[in-house]
């Protein structure tokens with residue numbers, strides 16, 4: 798069975814994220830996207846609107862000296878939803894992060910993300926990394 | 051399109067949840083299943099092992115008795131992601147959220163790891179506090 802086009806879209810978006818090209822990455826989101834970051838750490842919470850989300854990405858990039866690296870292990874999609882299980886690694890001073898993130902996306906008919914959820918398999922490790 | 055066996059497991063588990071049949075759900079979990087309950091509330095945390103998972107689900111059902119309605123279900127050989135609407139009433143509180151629920155499954159279509167995350171975490175926390 799051929800992959801759903803939204804599988805390709807998600808793969809492309811993650812690769813753009815990994816290249817750190819935020820101008821290109823912005824194009825994958827609607828203006829009023831909502832972003833839910835799970836966990837209990839200073840970056841957890843709901844981010845509303847593309848600007849708020851990109852402020853968050855800039856913060857992440859600043860804290861990690863370059864940002865997170867995301868290696869998708871499995872990508873699932875239908876016409877209006879996507880899911881990615883991805884290994885996320887990052888370094889921050891002497892801290893190292895290596896977790897699997899489960900991500901869920903809502904995708905509109907134009908192929909833009911309107912809502913996003915993320916949770917890690919080892920939430921304690923994520924909380925400690927950002928604490 | 052025929053449903054993927056992993057989607058069938060998840061759909062049956064949700065049916066069982068809506069009819070309050072925890073024993074059926076138990077049968078779908080592996081012995082070493084893990085449940086991650088997001089947020090900052092009485093249910094939040096990671097539950098390890100089928101007994102702990104079922105204990106948590108039992109508590110959730112008691113305090114919540116929520117009705118779930120599937121919005122979409124995505125399945126691959128290793129994973130499912132369910133998007134569902136959950137509504138509930140408890141005392142004078144009501145809940146109405148959309149959950150994204152990523153699930154890891156084994157080769158025999160058993161649930162081995164589950165994450166709960168609501169789209170309105172503060173409403174969710176409030177409901178559970």
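Protein chains in written order, with the working numbering: chain A, 798 to 928; chain B, 51 to 179.
We put the beta carbon where it would ideally sit given N, CA and C, even for glycine.
For residue i, which three-state DSSP category applies?
{"i": "residue 812 of chain A", "result": "helix"}
{"i": "residue 82 of chain B", "result": "strand"}
{"i": "residue 922 of chain A", "result": "helix"}
{"i": "residue 839 of chain A", "result": "coil"}
{"i": "residue 179 of chain B", "result": "coil"}
{"i": "residue 173 of chain B", "result": "helix"}
{"i": "residue 852 of chain A", "result": "helix"}
{"i": "residue 868 of chain A", "result": "strand"}
{"i": "residue 57 of chain B", "result": "helix"}
{"i": "residue 94 of chain B", "result": "coil"}
{"i": "residue 69 of chain B", "result": "coil"}
{"i": "residue 800 of chain A", "result": "coil"}
{"i": "residue 110 of chain B", "result": "helix"}
{"i": "residue 88 of chain B", "result": "coil"}
Please identify the residue among the options whose C-alpha is closest to the C-alpha of residue i.
{"i": "residue 807 of chain A", "options": "A:882, A:830, A:840, A:838", "result": "A:882"}
{"i": "residue 841 of chain A", "options": "B:90, B:84, B:145", "result": "B:90"}
{"i": "residue 134 of chain B", "options": "B:79, B:119, B:100", "result": "B:119"}
{"i": "residue 850 of chain A", "options": "A:863, A:826, A:903", "result": "A:826"}
{"i": "residue 814 of chain A", "options": "A:858, A:838, A:915", "result": "A:858"}
{"i": "residue 129 of chain B", "options": "B:151, B:179, B:92", "result": "B:151"}
{"i": "residue 70 of chain B", "options": "B:117, B:173, B:94, B:100", "result": "B:117"}
{"i": "residue 53 of chain B", "options": "B:174, B:172, B:159", "result": "B:159"}
Return the first residue and the last residue of the alpha helix (DSSP H) that residue i is part of.
{"i": "residue 906 of chain A", "result": "Looking at the DSSP string, residue 906 of chain A is not in any alpha helix (DSSP H), and its letter there is neither H nor E."}
{"i": "residue 820 of chain A", "result": "819-823"}
{"i": "residue 116 of chain B", "result": "Careful: residue 116 of chain B lies outside any alpha helix (DSSP H) and carries neither H nor E."}
{"i": "residue 156 of chain B", "result": "No alpha helix (DSSP H) contains residue 156 of chain B, which DSSP labels as neither H nor E."}
Around the Cβ of residue i, are there at least 16 other Cβ atoms within 10 angstroms (buried) or fewer (exposed)?
{"i": "residue 893 of chain A", "result": "exposed"}
{"i": "residue 144 of chain B", "result": "exposed"}
{"i": "residue 839 of chain A", "result": "exposed"}
{"i": "residue 176 of chain B", "result": "exposed"}
If you follow the beta strand (DSSP E) that residue i is part of, which residue opens it and which one closes it?
{"i": "residue 168 of chain B", "result": "161-168"}
{"i": "residue 129 of chain B", "result": "129-140"}
{"i": "residue 829 of chain A", "result": "826-834"}
{"i": "residue 887 of chain A", "result": "878-889"}
{"i": "residue 917 of chain A", "result": "910-917"}
> Is it a yes or a no for the region 863-870 of chain A touching the region 886-901 of chain A, going by three-plus beta-carbon pairs under 8 angstroms?
Replying inline: Counting Cβ pairs under 8 angstroms, three or more are found: they touch.
> Do the region 900-920 of chain A and the region 817-831 of chain A meet, that is, are 3 or more Cβ pairs less than 8 angstroms apart?
Replying inline: Using a C-beta cut-off of 8 angstroms, the region 900-920 of chain A makes contact with the region 817-831 of chain A, since at least three inter-stretch Cβ pairs fall below that distance.
> On the three-pair Cβ rule with 8 angstroms, is the region 806-824 of chain A touching the region 846-866 of chain A?
Replying inline: Verdict: yes, contact present.
>> Would the region 69-89 of chain B count as touching the region 159-178 of chain B if we require 3 or more Cβ pairs under 8 angstroms?
In response: Touching, yes.
> Okay, do the region 56-64 of chain B and the region 125-142 of chain B touch, 3+ Cβ pairs below 8 angstroms being the bar?
Replying inline: The region 56-64 of chain B makes contact with the region 125-142 of chain B: 3 or more CB pairs, one atom from each, lie closer than 8 angstroms.
>> Can you confirm whether the region 916-927 of chain A touches the region 105-114 of chain B when touching is taken to mean that 3 or more C-beta pairs between the two stretches lie within less than 8 angstroms?
In response: No, they do not touch.
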